[in-house]
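Encoded as structure tokens, the structure appears first; notes follow it.
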Amino acid sequence: MNEQSGAIPGEARFDNRYARLPPPFHSPAQPTPVAQPALIALNRPLAYRLGLDPDALATPEGTDMLAGNRPMPGTEPVAMAYAGHQFGHWVPRLGDGRALLLGEIIDSTGRRRDLHLKGSGPTPYSRGGDGRSSIGPVIREYLASEAMHALGVPTTRALAAISSGESVIRQSPEPGGLLLRVAGSHVRIGSFEYIASHDNPELVRRLADHVISVCDADLAGQPDRYLHWLSRVIDRTARMVAQWMHLGFIHGVMNTDNMSILGETIDYGPFGWMDHYDPNTVYSSIDRRGRYAYRNQPTIAQWNLARLAECLLPLIDPDTTKAVELASEQLEQFTACFESRYHTGLCKKIGLDSQHEGNLELAFDLLTRMSEQRADMTLTFRRLADLGSRDASSDGPVRSLFDDPASFDAWVGDWRQRLRGEGRDEATRQADMHRVNPAIVLRNHLAQEAVDAAVDHLDFKPMQQLMDALSRPHDPRPEDQRYMQPPQPHERVLDTFCGT
Ligand code: AMP
Ligand code: MG
Numbered sequence: 001m002n003e004q005s006g007a008i009p010g011e012a013r014f015d016n017r018y019a020r021l022p023p024p025f026h027s028p029a030q031p032t033p034v035a036q037p038a039l040i041a042l043n044r045p046l047a048y049r050l051g052l053d054p055d056a057l058a059t060p061e062g063t064d065m066l067a068g069n070r071p072m073p074g075t076e077p078v079a080m081a082y083a084g085h086q087f088g089h090w091v092p093r094l095g096d097g098r099a100l101l102l103g104e105i106i107d108s109t110g111r112r113r114d115l116h117l118k119g120s121g122p123t124p125y126s127r128g129g130d131g132r133s134s135i136g137p138v139i140r141e142y143l144a145s146e147a148m149h150a151l152g153v154p155t156t157r158a159l160a161a162i163s164s165g166e167s168v169i170r171q172s173p174e175p176g177g178l179l180l181r182v183a184g185s186h187v188r189i190g191s192f193e194y195i196a197s198h199d200n201p202e203l204v205r206r207l208a209d210h211v212i213s214v215c216d217a218d219l220a221g222q223p224d225r226y227l228h229w230l231s232r233v234i235d236r237t238a239r240m241v242a243q244w245m246h247l248g249f250i251h252g253v254m255n256t257d258n259m260s261i262l263g264e265t266i267d268y269g270p271f272g273w274m275d276h277y278d279p280n281t282v283y284s285s286i287d288r289r290g291r292y293a294y295r296n297q298p299t300i301a302q303w304n305l306a307r308l309a310e311c312l313l314p315l316i317d318p319d320t321t322k323a324v325e326l327a328s329e330q331l332e333q334f335t336a337c338f339e340s341r342y343h344t345g346l347c348k349k350i351g352l353d354s355q356h357e358g359n360l361e362l363a364f365d366l367l368t369r370m371s372e373q374r375a376d377m378t379l380t381f382r383r384l385a386d387l388g389s390r391d392a393s394s395d396g397p398v399r400s401l402f403d404d405p406a407s408f409d410a411w412v413g414d415w416r417q418r419l420r421g422e423g424r425d426e427a428t429r430q431a432d433m434h435r436v437n438p439a440i441v442l443r444n445h446l447a448q449e450a451v452d453a454a455v456d457h458l459d460f461k462p463m464q465q466l467m468d469a470l471s472r473p474h475d476p477r478p479e480d481q482r483y484m485q486p487p488q489p490h491e492r493v494l495d496t497f498c499g500t
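Under my numbering, think of the first position of the sequence shown as 1, with each following residue one higher.
Listed below in structure tokens is the structure:
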């Protein structure tokens, strides 16, 4: 930390544009100090990027700043206002009920990044909630968002996880925690829905111009910028969801208030990476009808984007019919954009070119067999890379993942023939497959093990070791073997999560 007390720990610069927007966009709020903040994890490389000095952040004074006990110079905390469709139902006012936007930091590359503190105490949007978070969800979000980043999926990042030294009451008392989160923007589809509900298009314009200026500055001032911007949000979201689908990731609560306008994965609650491939998998305990099941994610994303488009209609064209027509044309692009990404990536996962006829069908056939035979999603693709294109003698590690290995045998012959037909160099094909098929994902039982050690024994070592493995998902080391395995029956996590 710099010598003067209260000085900013590093070279970070803040420019808090969102806080300068007028009242309907946010409410002033300050973090409520916690009893005894202690660092659980600090993301040192991310701190450097933000111009923050990780050594200074790791001191008691720095930890006080990360926890909101002492103001970080340059920040201007506000609670962001938003509404949302939760499980399809309109909720007119949500907002940051247990989090604050501390400020916007300009990182070492000149990029603007929101610093957002979750678990920081009550705000005007807490609706009777305690404004806090327990340590389990903090650890889960830290691990998941950093794992996603390592996998190359756009996501919010985790700068620090902190234990508060206080208890929060959930089903029973649990240790409290805070997460300092970093994102390109915390504006959500629900932020637009909230502002649009004021029936004042000028306010929507204000928000749209704000996000364009911070995230899509090249569009600023252009006459057709709102339609153009909508098409970008659609494109980014489609790409993000395609990546989720490739990895077997389930967000769990794709309410419009949990969908970023930047196409970053945000608000990790009851998320999960599938073990065995089953498109009907649901992770949220309150999602009884499976609205947010794995297979529904693209459709739901498009539905959410339609809610965003509705908010933008008055900005797109004064003639509503015309505006609807233009916005609908953009929304229809979602399917094409998602499918082209999803299909190309799926073929890549099996080492084949999506341009060649029949390859996509072959990939889908494998998925069908995987779901019928409960084959592990991550391991099937990862191990498939290691099979040779000439003979079946090394097929054992993949066959054994299928309840009935004959189902795999019936598929693999055609795959080999196609590999030979494409005639690519074997080593290059294998390396390419390894690059798109991670060996290590955050399986639920691994997250649970890290959380249990933290909650039961305040032992953060399992979390740190797991984070280390998750940071190189495509290049496992021999000691990472245990992180690659599906859960044993007794390790299976049967409870799903509601996320708070
Ligand atoms: P989430 O499930 O985290 O996406 O949150 C949905 C809404 O509930 C948001 O407005 C949150 O700020 C609010 N919320 C969730 N947990 C709490 C809590 N413990 N105290 C206050 N508000 C909360
Ligand atoms: Mg949320």
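For each residue, glycine too, the CB sits at the ideal point set by N, CA and C.
Margin query: Are there any heavy atoms of ligand 1 lying less than 6 angstroms away from the beta-carbon of S134, as far as the coordinates show?
Written below: For ligand 1, not one heavy atom lies less than 6 angstroms from the Cβ of S134.
Checklist line | With 16 other Cβ atoms within 10 Å as the buried cut-off, status of Q4 | finding: In this prediction, Q4 scores a pLDDT of 39, lower than 50, which makes its location untrustworthy; no coordinate-derived value is stated.
Notebook entry, point to check: What does DSSP give as the partner residues of M80 in its beta bridges?
Noted result: Under the DSSP definition of a beta bridge, M80 partners with H26.
Notebook entry, point to check: Mind listing, in chain order, the residues whose beta carbon lies closer than 5 angstroms to a non-hydrogen atom of ligand 2?
Noted result: Summarising the contact set, residues whose Cβ lies nearer than 5 angstroms to any heavy atom of ligand 2 are, in chain order, N258, D267.
Note to self: For a test of your reading of the model: does the CB of L117 fall under 6 angstroms from any non-hydrogen atom of ligand 1? Yes or no.
What the structure shows: Flag unset: Cβ of L117 not near ligand 1.
Check: In the segment 101-171, which residue ranges form an unbroken beta strand (DSSP E) of at least 3 residues, counting only runs that do not cross its ends?
Finding: Given a length threshold of 3 residues, each whole run of the beta strand (DSSP E) inside the segment 101-171 is given here in chain order: 112-118, 157-169.
Next item on the list: Indicate whether L180 and L159 have their beta-carbon atoms separated by less than 7 angstroms.
Entry: L180 places its beta carbon less than 7 angstroms from that of L159.
Item checked: Residue range of the beta strand (DSSP E) that includes V441 -> Following the DSSP letters along the chain, one finds V441 in no beta strand (DSSP E), marked with neither H nor E.
Check: Does DSSP classify E11 as helix, strand or coil?
Finding: Coil, per DSSP.
Notebook entry, point to check: What residues in its chain sit with their C-beta under 8 angstroms from that of R20, if we drop five residues either side in the sequence?
Noted result: Closer than 8 angstroms at the Cβ level, and outside the excluded window around R20, lies no residue.
Item checked: Touching by the beta-carbon criterion (3+ pairs, under 8 angstroms), the segment 157-173 and the segment 138-149 -> The segment 157-173 vs the segment 138-149: in contact.
Checklist line | Cβ neighbours of N2 in the same chain (closer than 6 angstroms, five flanking residues each side left out) | finding: Low confidence applies to N2: its pLDDT is 39, below 50, so where it sits in the model is not reliable enough to give any reading.
Next item on the list: Determine which residues share a DSSP beta bridge with V412 and list them.
Entry: Answer by DSSP bridge pairing: none, since V412 is not bridged.
Notebook entry, point to check: Does the segment 377-388 touch the segment 260-278, meaning 3 or more C-beta pairs lie closer than 8 angstroms?
Noted result: Verdict: yes, contact present.
Check: Of the choices I261, G252, Q86, D409, whose alpha-carbon is the least far from that of R239?
Finding: For the residues I261, G252, Q86, D409, the minimum Cα distance to R239 belongs to I261.
Check: Taking N437 as the reference, which of R418, V412, I350, E491 has the closest Cα?
Finding: Per the Cα distances, I350.
Item checked: Assigned exposure category for I169 - 16 Cβ within 10 Å defines buried -> Per the 10 Å Cβ criterion, exposed.
Next item on the list: Would you check if the distance between the CB atom of G84 and the CB atom of G184 is smaller than 7 angstroms?
Entry: Going by C-beta atoms, G84 is not nearer than 7 angstroms to G184.
Next item on the list: Check whether the segment 354-368 touches the segment 402-416, counting contact only when three or more Cβ pairs, one atom from each stretch, lie closer than 8 angstroms.
Entry: The segment 354-368, when compared against the segment 402-416, does touch it at the 8 angstroms Cβ threshold.
Notebook entry, point to check: Does the Cβ-Cβ distance between I316 and L308 come in under 7 angstroms?
Noted result: Cβ atoms of I316 and L308: not closer than 7 angstroms.
Margin query: Are there any heavy atoms of ligand 1 lying less than 6 angstroms away from the beta-carbon of D501, as far as the coordinates show?
Written below: In the structure as shown, the chain begins at 1 and stops at 500. Residue 501 is therefore absent and cannot be evaluated.
Notebook entry, point to check: Three or more beta-carbon pairs under 8 angstroms between the segment 199-207 and the segment 287-303, yes or no?
Noted result: Because the criterion of three Cβ pairs below 8 angstroms is not met, the segment 199-207 and the segment 287-303 do not touch.
Check: What is the DSSP secondary structure of T428, counted as helix, strand or coil?
Finding: DSSP, reduced to helix, strand and coil, places T428 within a helical segment of the structure shown.
Margin query: Quick check on L262: does DSSP put it in helix, strand or coil?
Written below: Correct three-state label for L262: coil.
Item checked: Residue nearest to A150 in terms of C-alpha spacing, selected from N280, P476, V282 -> Its Cα nearest to that of A150, the residue P476 stands out among N280, P476, V282.
Item checked: R307 CB to nearest heavy atom of ligand 1 below 6 angstroms -> In this structure, the C-beta of R307 stays at least 6 angstroms away from each heavy atom of ligand 1.
Check: Straight-line CA distance for L360 to Q373?
Finding: L360 and Q373: Cα-Cα distance of roughly 20 angstroms.
Note to self: Under 8 angstroms: do the segment 111-125 and the segment 15-32 share three or more Cβ pairs, one atom per stretch?
What the structure shows: Yes, since at least three Cβ pairs between the segment 111-125 and the segment 15-32 fall closer than 8 angstroms, the two stretches touch.
Item checked: Residue range of the unbroken beta strand (DSSP E) whose run includes A561 -> One cannot answer for residue 561 here, as it falls past the ends of the chain, which runs 1 to 500.
Margin query: What I want to know is whether the C-beta of R93 ends up closer than 6 angstroms to one or more non-hydrogen atoms of ligand 1.
Written below: Set against 6 angstroms, the gap from the CB of R93 to the closest heavy atom of ligand 1 is not smaller.
Note to self: Would P37 and I162 be called neighbours here (beta carbons separated by less than 7 angstroms)?
What the structure shows: Taking C-beta atoms as the reference points, P37 and I162 count as a pair closer than 7 angstroms.
Check: Can we count S27 as close to ligand 1, meaning its CB is less than 6 angstroms from some heavy atom?
Finding: Outside the cutoff, so no.
Item checked: Alpha carbon of L52 to alpha carbon of A12, nearest angstrom -> Using only the alpha carbons, I get a separation of about 6 angstroms.
Checklist line | 6 angstroms Cβ shell around S471 - same chain, five flanking residues per side excluded | finding: Taken in chain order, the residues that qualify are A150.
Notebook entry, point to check: Can you check whether the CB of G103 is closer than 7 angstroms to the CB of F14?
Noted result: Between F14 and G103, the C-beta gap is smaller than 7 angstroms, which places the two residues in contact.
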